[in-house]
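Protein chains: 2
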Amino acid sequence: MSEYGNMTLDQYRDALASDAPTPGGGTAAAVALSQGAALAVMVCNLTEGNEKWKMGWGDAHSCRNVATKLLELGHQLASDDAQSFDDVMSAYKLPKNTEDEMSHRRLAIQNATLNAAKVPMMTAESAYELLELLPSLARTGNGNAVTDVGVAGLLVSAACKGALFNVEININSLSDEIGGNLRNQLEKLRESCRDASREVMHAVNERMQS
Amino acid sequence: MSEYGNMTLDQYRDALASDAPTPGGGTAAAVALSQGAALAVMVCNLTEGNEKWKMGWGDAHSCRNVATKLLELGHQLASDDAQSFDDVMSAYKLPKNTEDEMSHRRLAIQNATLNAAKVPMMTAESAYELLELLPSLARTGNGNAVTDVGVAGLLVSAACKGALFNVEININSLSDEIGGNLRNQLEKLRESCRDASREVMHAVNERMQS
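Read top to bottom, the protein sequences are chains Z and Y. The first sequence runs 4 to 213 under the working numbering. The second sequence runs 4 to 213 under the working numbering.
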């Protein structure tokens with residue numbers, strides 16, 4: 004399994020650009036989550052402990068707790084996503100000469116596809132957990148870093164929405180019985196993510212005018 | 004000047020998370036541009052030359068021409084953005100004991116701030132140039148990679164909007180005479196970017212249902 008955290012930005016970019024099946028959008032979404040979380044941690048650090056922004060210490064503290072754990076989780080999910088996609092490809096390559104082989108292959112494809120939907124769902128849920136906390140950080144955090152909250156919000160929102168594309172494409176090849184629950188989660192999360200993204204942008208714009 | 008392309012993803016993420024003034028949101032936006040462009044290049048590669056997606060060869064060719072040059076430019080702008088911010092900080096530290104020193108310092112701050120607005124404007128313009136081409140790629144490119152166009156669109160849109168936050172915050176401390184032109188550009192580009200982002204999402208969603 005590739006450890007994306009150890010790649011240079013140049014190597015990672017070139018791996019994305021190559022026509023190898025992985026890394027693709029699912030990995031890119033998880034990496035964006037890590038980078039957005041890092042910007043959020045920076046703003047929390049520039050807020051907490053600075054007397055001028057004392058009103059924001061509570062929000063910064065809560066936000067840092069969530070964002071810090073996503074720094075590493077994002078890179079982990081980037082690898083997991085690539086692995087889960089490779090597993091789907093391997094399942095499709097299983098032999099299909101006998102009834103037994105065909106049935107084994109069908110089940111392997113189903114399980115691998117379900118997992119390839121669950122991994123980006125974890126990316127999306129983790130992104131949303133942070134996204135929800137960013138409007139408060141934009142309102143009360145260090146005012147000199149409000150544009151950094153804005154970029155964090157854009158990256159974390161891209162991570163959430165991008166991961167949900169990958170959940171959806173995998174669910175589309177599962178039966179309702181297998182993928183139905185995930186589809187419900189997907190639809191709720193997509194709506195919540197859209198609302199939270201708008202709220203962050205609104206809070207950042209308001210703070211920039213104040 | 005930091006060469007972000009040579010940093011590992013872990014090092015870059017930790018540099019973003021630290022409370023050092025740079026790298027911040029401007030750099031993160033430019034890096035996201037590079038990563039989004041890389042995904043677009045992948046989809047172009049998976050389209051052009053593949054008989055099944057012949058209808059998309061023209062769109063893929065045009066898109067690859069633009070996206071390829073952004074692979075490196077994004078990382079260059081990431082460094083330029085950090086440098087331009089450091090230059091503003093240095094200008095503020097100039098001595099201000101005499102009239103001459105104060106006047107020299109005022110001019111240095113103004114020039115550095117103008118440059119710190121121009122660099123993210125270049126990031127935003129470059130991002131928009133690619134964003135405009137993604138709806139066609141989503142419609143006619145390799146259908147198996149449509150979610151990758153979706154994630155590319157989200158990252159490139161985040162790069163554009165995020166860079167524009169940084170243009171705006173710097174313009175806000177310039178006189179209308181100095182920053183007026185950039186402000187007009189900013190407002191037009193923000194609107195165009197919002198429209199193009201929506202069009203990409205719409206095209207990706209339609210293609211996923213087809």
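Where a beta carbon is used, it is the ideal one built from N, C-alpha and C, also for glycine.
(request) Return the residues of the segment 68-87 of chain Z that lie within a Cβ-Cβ distance of less than 7 Å from chain Y, sorted by chain order. (result) L74, H78
(message) Counting only Cβ pairs nearer than 7 Å, list the residues of chain Z close to G153/Y.
(response) G28, G165, F168
(request) Compute the Euclidean distance between the alpha carbons of S65/Y and C47/Y, then round it to the nearest angstrom. (result) 9 Å
(request) May I have the straight-line CA-CA distance separating R142/Y from E54/Z, to the nearest angstrom? (result) 52 Å
(message) Based on DSSP bridge pairs, tell me the residues matched to T101/Z.
(response) The partner list for T101/Z (beta bridge, DSSP) is empty, contrary to what the question assumes.
(request) Could I get the ranges of all uninterrupted alpha helix (DSSP H) runs contained in the segment 95-172 of chain Y, with 4 residues as the minimum, in chain order? (result) 102-134, 137-143
(request) Measure how close the beta-carbons of A166/Y and A130/Y come, nearest whole angstrom, since I'm counting them as under 8 Å. (result) 7 Å
(request) Report yes or no: do three or more beta-carbon pairs, one from the segment 68-88 of chain Y and one from the segment 114-125 of chain Y, lie closer than 8 Å? (result) yes
(message) Which residues in chain Y have a C-beta closer than 8 Å to the C-beta of M10/Z? List them in chain order.
(response) T11, L12
(request) Measure the Cβ-Cβ separation of R16/Y and S160/Z and say whether it is below 7 Å. (result) no
(request) Using the Cα positions of D22/Z and V152/Z, report the straight-line distance between them to the nearest angstrom. (result) 34 Å
(message) Which residues does DSSP list as the beta-bridge partners of T11/Z?
(response) T11/Y
(request) Show which residues of chain Y have a CB atom less than 7 Å away from the CB atom of I172/Z. (result) T150, M211
(request) Work out the CA separation of H107/Z and M45/Z for me, nearest whole Å. (result) 49 Å
(request) Taking all protein chains shown into account, decide if Y95/Y is buried (16 or more other Cβ within 10 angstroms of its Cβ) or exposed. (result) exposed
(request) With a threshold of 16 other CB atoms inside 10 Å of the CB of S178/Z, please say whether the residue is buried or exposed. (result) exposed
(message) Residues of chain Z with CB closer than 7 Å to the CB of Q188/Y, please, in chain order.
(response) None at all; the shortest Cβ gap to chain Z is about 17 Å.
(message) Applying the 10 Å Cβ sphere with the 16-neighbour rule, what's the burial state of G27/Y?
(response) buried
(message) Helix, strand or coil for T50/Y? Go by DSSP, reduced to three states.
(response) helix
(request) Verify whether the separation of the beta carbon atoms of A162/Z and L42/Z is less than 7 Å. (result) no
(request) Determine the extent of the alpha helix (DSSP H) in which A199/Z is found, giving its start and end residues. (result) 179-212
(message) Please report the straight-line C-alpha distance between A229/Z and E102/Y, rounded to a whole angstrom.
(response) Only positions 4 to 213 of chain Z appear in the structure, and residue 229/Z is not among them; the question remains open.
(message) Please identify, using Cβ separations under 7 Å, the residues of the segment 44-58 of chain Y that lie next to chain Z, in order along the chain.
(response) V44, M45, N48, L49
(message) DSSP three-state label for T30/Z, please.
(response) helix
(request) Report the three-state DSSP secondary structure of D89/Z (helix, strand or coil). (result) helix
(message) Within 10 Å of its beta-carbon, does S139/Y have 16 or more other beta-carbons around it, so buried, or fewer, so exposed?
(response) buried
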